Amino acid sequence: MMPDARANDIAIIGAGPAGMAAAVRLAKAGHRSTVFDMNATPGGQIYRQLSESQVSDAVMGKDYARGRELIEAFTQADIDYRPGSRVWWADNDASGTSLGVLEKGQAQQWHARQLILAGGAMERGWPFRGWQLPGVMNAGAAQILLKQGALVPATPPVLAGTGPLLYLLAWQYLRAGIPPSLILDTAPATRYGEVVRQSRRAWFARSYLLKGARMIGALKRAGVPIHQGITALEAHGDKAVESIGYRHRGQWKTHSTELLLTHFGVTPEPQLARSLGLTHHWHASQQSFVPERDDTLAVGANLWIAGDGGGIGGAINAEREGQLVALAVLDKIGGVDPVWQQEKHSLLKARRRDLDARSLLERLFRLPEAWLDDQPEETLVCRCESVSRGELDRAITQGGAGPNQLKAFTRCGMGPCQGRQCGESVTRLLARRLDWTPEAVGYYHIRPPVHSITLGELATKE
Amino acid sequence: MFQRLDASSTPVRHVQIWLDGTPHKVPETLTVAAAVLQLRGWQGYRRHVDGSPRAPLCMMGVCQECLITIDGRANRQGCLEPVAEGMRIERQGGGAHDA
């Protein structure tokens, strides 16, 4: 530990449902944790701006009520909450974890004996031709604009991709009076039937499924065309999107629009976990790498991951995992309280059931693994360095046999997003070309800084 | 272009910012990137070093497509910085913006 570092027994990175729940549970047991969060207000992405909602529940839906309670508990509890803070490096040893923090432009050094990573998820980077054009945005990004400032598209957008968020945003836009002009889903219509036939899981997943069915029903009644089972997507335009192309039932079709909102699922935000050198496994059903956690959600000595950063489970599960991790920390530092064991038991049971049901959604919204192969070779995989699928294939032919070699050959993944948008695409492409598993291919080596920091900011260090 | 819903639930305070030298009042809950998308849309948001036009993709600190100059500091992540009274924002595009 550096002599001039600030210290706390427990630090939490992220103030979404997992981080807030962990901090609240720890505060209830008398422990004041330090919570670092990038955003200006608590809630993470799902509960963003809920402390001062900009849009009524009639538009957004009722699911945010839980978030309001959680934010209120978080705001009232004794917590050292530090909004506008980015943790740009972390180093773990027997004494705990040292952290480099940039708080509102000021560099600080911290040390935490126990660290909970609750950085959550990000929308999956999923290349298609023209996805770098202005006028293509992630559906989650458009929903952030809605939450943050009641901002909606001035003209009806097209929503394309797959997953619950696609239909949720479409439904919210419908409620707001600007229904999408078209919804394109990569999941074939037949899949919905297959999934519902899995009766036991379907029963436990009924709230998810019913909600989805209600939203799709409302959109169809409003006359929004929904095409399921599209097999290709393109954005066309010179300086910005003018139209899109898609393949449905073997036929290419075009549709005029200036805004294409896409969603291809979410994956754990990997950067900090990767930079700490944590072991990751390929999760076949989630189609993503996830960090390896033990039964207590620990990923190392005095180090835990709670919420979607450890594998996608959704907001309610993230809250549960936050509480579970808080209890694991309490076991470690406060001795074992029998009441906690009961609490832990019921949390674990609910978590098991929820994650089991959720595997049904993973099946329903499964992405085509061969998608990237089918893209025209000029399709950008790395947006930051403008590296195309064709360039990557040429580098593979020349002997580039791993993600780090491809990075060195092509600069893919070397831009400011540090591979967050292209990392798993590169893994996928190599796995298919070399006929290896994604796990055997692996991922980029990630080194700090995991957020961009200027020399000037570094020089502000106290 | 994005516009504010009339039926928003909360009356919001506004702050004055300067975008490419022009003053605008925008809701104080917005980040810089959100304010630019409301005021100017995505066309002309920024130009990539390869010359191609780009605009924010993720709005949550991941993609770095929202890079913009804020109070004289270049390459700030516009989606992570809330707007503030008197803030000066310049789009990064080598002066070749269309909008």
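Just so you know, the sequences run in chain order A and B.
Under the numbering used here, the letters of the first sequence match residues 18 to 479, in that order.
Under the numbering used here, the letters of the second sequence match residues 6 to 104, in that order.
In this text, a Cβ means the ideal position worked out from N, Cα and C, and glycines have one as well.
Source: prediction; values computed, not measured.
Asked                                                                                                                              : Found
Min CB distance M65(B) to chain A below 7 Å                                                                                        : yes
S1(A) burial status per 10 Å Cβ neighbour count (16 or more: buried)                                                               : Only positions 18 to 479 of chain A appear in the structure, and residue 1(A) is not among them; the question remains open.
Beta-carbon proximity of A38(A) to Q359(A), cut-off 7 Å                                                                            : no
Nearest-angstrom Cα separation, counted from V212(A) out to A222(A)                                                                : 10 Å
Residues of its chain near E408(A), where Cβ-Cβ distance is below 7 Å and the 5 sequence neighbours each way are ignored           : T427
Chain B contact residues for Q149(A), given Cβ-Cβ distances below 7 Å                                                              : S57 and R59
7 Å Cβ cutoff met for V118(A) and L289(A)                                                                                          : no
7 Å Cβ cutoff met for N155(A) and C63(B)                                                                                           : yes
DSSP three-state assignment for L384(A), whether helix, strand or coil                                                             : coil
Chain B within 7 Å of R437(A), Cβ atoms only                                                                                       : yes
For A28(A), the residue or residues it bridges with in DSSP                                                                        : T51(A) and L132(A)
Of the residues K228(A), A332(A), A187(A) and D312(A), the one placed nearest A345(A), counting alpha carbons only                 : D312(A)
R375(A) versus L293(A): straight-line alpha-carbon distance, rounded                                                               : 28 Å
Range of the contiguous alpha helix (DSSP H) that encloses E89(A)                                                                  : A82 to Q93
Same chain, Cβ closer than 8 Å to D11(B), neighbours up to 5 away in sequence not counted                                          : none
Burial state of A476(A) (16 or more Cβ within 10 Å)                                                                                : exposed
Short Cβ contact (7 Å threshold) for L186(A) with Q165(A)                                                                          : no
Residue(s) in a DSSP beta bridge with K30(B)                                                                                       : Q21(B)
Under the three-state DSSP convention, the category V283(A) falls into                                                             : strand
Simplified DSSP assignment, three categories, for P58(B)                                                                           : strand
Pair within 7 Å by beta-carbon distance, Q310(A) and I329(A)                                                                       : Residue identity differs from the one stated: residue 310(A) is Arg in this sequence, not Gln. It is not a contact, given that the beta carbons lie outside the stated cut-off.
Nearest-angstrom Cα separation, counted from V52(A) out to G31(A)                                                                  : 7 Å
Proximal residues to S405(A) (C-beta, below 7 Å), its chain only, five neighbours per side dropped                                 : E394, E395, T396, L397 and V398
Own chain, CB closer than 8 Å to H244(A), minus 5 neighbours either side, in chain order                                           : L199, I200, L201, D202, Y263 and H265
Neighbouring residues, chain A, relative to H53(B) (Cβ below 9 Å)                                                                  : Q149, R400, C401 and S403
7 Å Cβ cutoff, I161(A) in contact with chain B                                                                                     : yes
Any C-beta of chain B under 7 Å from that of G14(A)                                                                                : No answer is possible for residue 14(A): the residues shown for chain A start at 18 and end at 479.
Beta carbon of V41(A) nearer than 7 Å to that of A82(A)                                                                            : no
Contacts around R291(A), its chain only, beta-carbon distance under 6 Å, and the 5 residues preceding and following it disregarded : I463
Which of helix, strand or coil DSSP assigns to S73(A)                                                                              : coil
Closest Cα partner of G122(A) within the set N334(A), R103(A), L116(A) and R337(A)                                                 : R103(A)
Close Cβ partners of P173(A) (< 7 Å) along its chain, the five nearest in sequence each way excluded                               : I195, P196, P197 and S198
Short Cβ contact (7 Å threshold) for W47(B) with G152(A)                                                                           : yes
G178(A) in three-state terms, based on DSSP                                                                                        : strand
Rounded separation between D103(B) and H298(A) - CA only                                                                           : Caution is warranted here: a pLDDT of 45 is assigned to D103(B), below 50, making its placement in the model unreliable, and no coordinate value can be reported.
Where I27(A) falls, given that 16 or more other Cβ within 10 Å makes a residue buried                                              : buried
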